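A.B. asks:
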Ligand code: 5AD
Ligand code: SF4
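Residue numbers (my numbering): 11 to 496.
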C-alpha cells in the first residue's frame, strides 16, 4: 500500500500494538523497581520540531515506566540521543558526544545508552556505531519509536539474565503503523506540537529526509481533533500542527481532506486560542489555505515558507518544482490576504553548480520579500541523495563568503522590519520567567516574536495584551495592558 496512507483496518492493529507496548511498560516498571529503585533518564534531542515531539513521546513513555528526569546527563541511568541527519554537522554532534558517554558508562556500568531518530535510519552509520562504539545498548529508528518499551525491556531482560553485552539494533526500512495515545511528557503545559503527518514525498535533490522518514502518511482528522481536544482540556492554548510538508496533508487518506479543511476544523475547537503550522512547501500552498489564513483569527500571523534558493535554475536542480517568479507571486498573494503577516524562510547556500549570478538571485528574493527572519544553511552533501552525486560542488571558501554576505543582508532587513509594531498593543502568550532579569516574563506574539515585560510567574500560560514600548533588535520590551478572558 505504498503512498496510500494507512488503511482503515490498521486502526485495529495500531490499538493492539498500543496494548502490547502498555504491557512492556508494566514489565519494565516491574523489573526496574525490583532492581534499581527509581532510575533516572536524560533525553537529548537534535534537529527539528518533529524530533522534539518524538522526544516528548519517549520521555512520556519513560516516566510511565517509572523513570524520573535527571537534572544532568552525567547523573542519568538511561541516556537517549534522538538524532538528526539533515546536515553532516548533526551527525558529528553525536560522534562528539560518544566519547563522553563512554567515560560516563565506565563510572556507572548499569547505565543504558540508546540512540534513535533519523541518523539511525542510515545503515552505514549504524554499522559504524555498533563497530566502533560497542558500549551502546540500544539503537532504533524513526518508524518504531512506539516500540521503545519493548526494546528497552529486551535490553534490561538480557542484562538480568546475565547475557553478554551486545548492541540491540532494531531499525525498520519502512513505516508500518501510526500508534496513537501512548504517554507524552509535554515540555510546556500551555502549548504543544501535534503531528498531523509523517514522512515526505518531495525528494528535493539535496535532502535526506524522504529516505529516513519514509513516504507521506497523514493521520486521520478525527484522531488529530481528538488529540487537540484532549490537550485543550489539559490547559493547552496553542498548537503547532507538524509535518514535513503540511500543505499536502490528507491527500492519501481513504477520505481525502485538505490541509485548509483540517485547519478550519481545528479552529472550531472551543478553548483553543492559537494555531501554528510547520512546514509549508511553496508548490503546494493553495488559495484555499491562504483564504483560511486570512479569515481565521486563531491561525497565527506567521508563515514559514522555505525558499532554499532564489535562482530558478538552481530550484530546478533542487527539484523544488517552483520558479523564483512563482515564489514571489505566492508571497504577494499571501500578503494581499494577510497584510501584516510575518514571513520566515530557509535558504541553502552553495548547492552544487551555484554561481555568483544564482546567488545574486537569492539575494534579490531576500531584498524583495524582506523576511522577518531566516534560517541559512551551508549545503551539506548527504550520501544517497541525487545532489551528492553532482560533480560541480562549490569550493568551501566561496560558499563561506556567500553565506556571510547572505546572513548580513538577512540580519539588516530583519532589524529594519522588527520595529514595525512599536507603539501597538499585541496579544501575547506568556511562556516563561525571563532568565536574565528578575521580575520580567517573556511571551510570544502571534507573529512568533518575543516580548519581555514586567510580570510574575502566575502569568505563565496566560494570554495577555501587551503594549510594545521599544524594539531591541529582534525582540520587544513592553508593558502589560490587561489579561484576556481565558
Ligand atoms: N544541506 C543543507 N541544508 C539542508 N536542508 C535540508 N537538507 C540540507 C542539506 N543537505 C535545510 C533545508 C530545509 C531545512 C530543514 O534544512 O533548508 O528546509
Ligand atoms: Fe526535505 Fe524537500 Fe521534503 Fe522538506 S520538502 S523534507 S526539504 S525533501
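For each residue, glycine too, the CB sits at the ideal point set by N, CA and C.
Since the model is a prediction, treat every value here as computed from it, not as a measurement.
When the Cβ atoms of the segment 460-478 are set against those of the segment 433-450, are three or more pairs found closer than 8 Å?
C.D. replies: yes
A.B. asks: Using DSSP bridges, identify the partner residues of residue 464.
C.D. replies: On the chain shown, position 454 is the one that residue 464 refers to. Answer is 450.
A.B. asks: According to DSSP, is residue 425 part of a helix, a strand, or is it coil?
C.D. replies: Translated into the one-based positions of the chain shown, residue 425 becomes position 415. Of the three classes helix, strand and coil, the one that applies to residue 425 here is helix, per DSSP.
A.B. asks: For residue 220, verify whether its CB is less than 6 Å away from any heavy atom of the ligand NAD.
C.D. replies: The model on display carries the ligand 5AD and the ligand SF4 but not the ligand NAD.
A.B. asks: By DSSP, does residue 283 sit in helix, in strand, or in coil?
C.D. replies: For the purposes of this step, residue 283 is taken as residue 273 along the chain shown, with counting starting at 1. Of the three classes helix, strand and coil, the one that applies to residue 283 here is coil, per DSSP.
A.B. asks: By Cβ distance, which residues of its chain are closer than 6 Å to residue 241, with the 5 residues on each side in sequence left out?
C.D. replies: Residue mapping note: residue 241 aligns to position 231 of the chain shown, counting from 1. Same-chain partners within the cutoff: 202.
A.B. asks: Hey, would you say residue 310 sits closer than 7 Å to residue 286, going by beta carbons?
C.D. replies: Translated into the one-based positions of the chain shown, residue 310 becomes position 300. Translated into the one-based positions of the chain shown, residue 286 becomes position 276. The answer is yes: Cβ separation under 7 Å.
A.B. asks: For residue 318 versus residue 331, is the C-beta distance shorter than 7 Å?
C.D. replies: Numbered from 1 along the chain shown, position 308 holds the residue referred to as residue 318. Numbered from 1 along the chain shown, position 321 holds the residue referred to as residue 331. It is not a contact, given that the beta carbons lie outside the stated cut-off.
A.B. asks: Excluding the five sequence neighbours on either side, which residues of its own chain have a C-beta within less than 6 Å of the C-beta of residue 487, listed in chain order?
C.D. replies: Locating residue 487 in the chain shown gives position 477, counting from the first residue. So the qualifying residues of the chain are 462, 479 and 480.
A.B. asks: Name, in chain order, the residues that DSSP records as bridge partners for residue 210.
C.D. replies: Counting from 1 along the chain shown, the entry for residue 210 is found at position 200. DSSP output for residue 210 lists no bridge partner at all.
A.B. asks: Applying the criterion that 16 or more other CB atoms from any shown protein chain within 10 Å of the CB defines a buried residue, is residue 372 buried or exposed?
C.D. replies: Position 362 of the chain shown, counted from the start, is the residue given in the question as residue 372. With 16 or more Cβ atoms within 10 Å of its Cβ, residue 372 is classed as buried.
A.B. asks: Per DSSP, what kind of secondary structure is residue 403 in: helix, strand or coil?
C.D. replies: Taking the first residue of the chain shown as 1, we reach residue 403 at position 393. If DSSP states are grouped into helix, strand and coil, residue 403 belongs with coil.
A.B. asks: Is there a Cβ of chain B sitting closer than 7 Å to that of residue 217, yes or no?
C.D. replies: The displayed structure is made up of one protein chain only, and chain B is not part of it.
A.B. asks: Express the C-alpha separation of residue 432 and residue 27 in angstroms, rounding to a whole number.
C.D. replies: Along the chain shown, read from residue 1 onward, the residue named residue 27 stands at position 17. Along the chain shown, read from residue 1 onward, the residue named residue 432 stands at position 422. Taking the straight line joining both Cα atoms gives about 53 Å.
A.B. asks: Starting from the Cα of residue 385, find the closest Cα among 343, 69 and 358 and give me that residue.
C.D. replies: Start at 1 with the first residue of the chain shown, and residue 385 comes out as number 375. Of the candidates 343, 69 and 358, the one whose C-alpha sits nearest the C-alpha of residue 385 is 358.
A.B. asks: Measuring alpha carbon to alpha carbon, tell me which of 49, 75, 60 and 374 ends up nearest residue 37.
C.D. replies: Position 27 of the chain shown holds residue 37. The shortest Cα separation from residue 37 among 49, 75, 60 and 374 belongs to 75.
A.B. asks: For residue 99, report the span of its alpha helix (DSSP H) as first-last.
C.D. replies: Within the chain shown, the letter at position 89 stands for residue 99. Note, residue 99: alpha helix (DSSP H), 98-117.
A.B. asks: If contacts are defined as beta-carbon pairs under 8 Å, then residue 130 and residue 181 qualify, I think. What distance do you get, rounded to the angstrom?
C.D. replies: The count along the chain shown starts at 1 and reaches residue 130 at position 120. The count along the chain shown starts at 1 and reaches residue 181 at position 171. Yes, residue 130 and residue 181 are in contact; Cβ-Cβ is about 6 Å, under 8 Å.
A.B. asks: List the endpoints of the continuous alpha helix (DSSP H) containing residue 162.
C.D. replies: Start at 1 with the first residue of the chain shown, and residue 162 comes out as number 152. Where residue 162 is concerned, the enclosing alpha helix (DSSP H) stretches over 158-170.
A.B. asks: Only counting the same chain, and skipping five residues up and downstream in sequence, which positions put a Cβ closer than 7 Å to that of residue 153?
C.D. replies: As a working mapping, residue 153 is identified with position 143 in the chain shown. Closer than 7 Å at the Cβ level, and outside the excluded window around residue 153, lie 182, 184, 185, 186 and 224.
A.B. asks: Does the count of Cβ pairs from the segment 152-168 and the segment 251-264 closer than 8 Å reach three?
C.D. replies: no
A.B. asks: If I follow the unbroken beta strand (DSSP E) through residue 384, where does it start and stop?
C.D. replies: Here residue 384 is taken as the residue at index 374 of the chain shown, counted from 1. Where residue 384 is concerned, the enclosing beta strand (DSSP E) stretches over 383-388.
A.B. asks: Using three-state DSSP, classify residue 265 as helix, strand or coil.
C.D. replies: Within the chain shown, numbered from 1, the residue matching residue 265 stands at position 255. Coil, per DSSP.
A.B. asks: Tell me, which residues are paired with residue 363 by DSSP?
C.D. replies: On the chain shown, position 353 is the one that residue 363 refers to. Beta-bridge pairing links residue 363 to no other residue.
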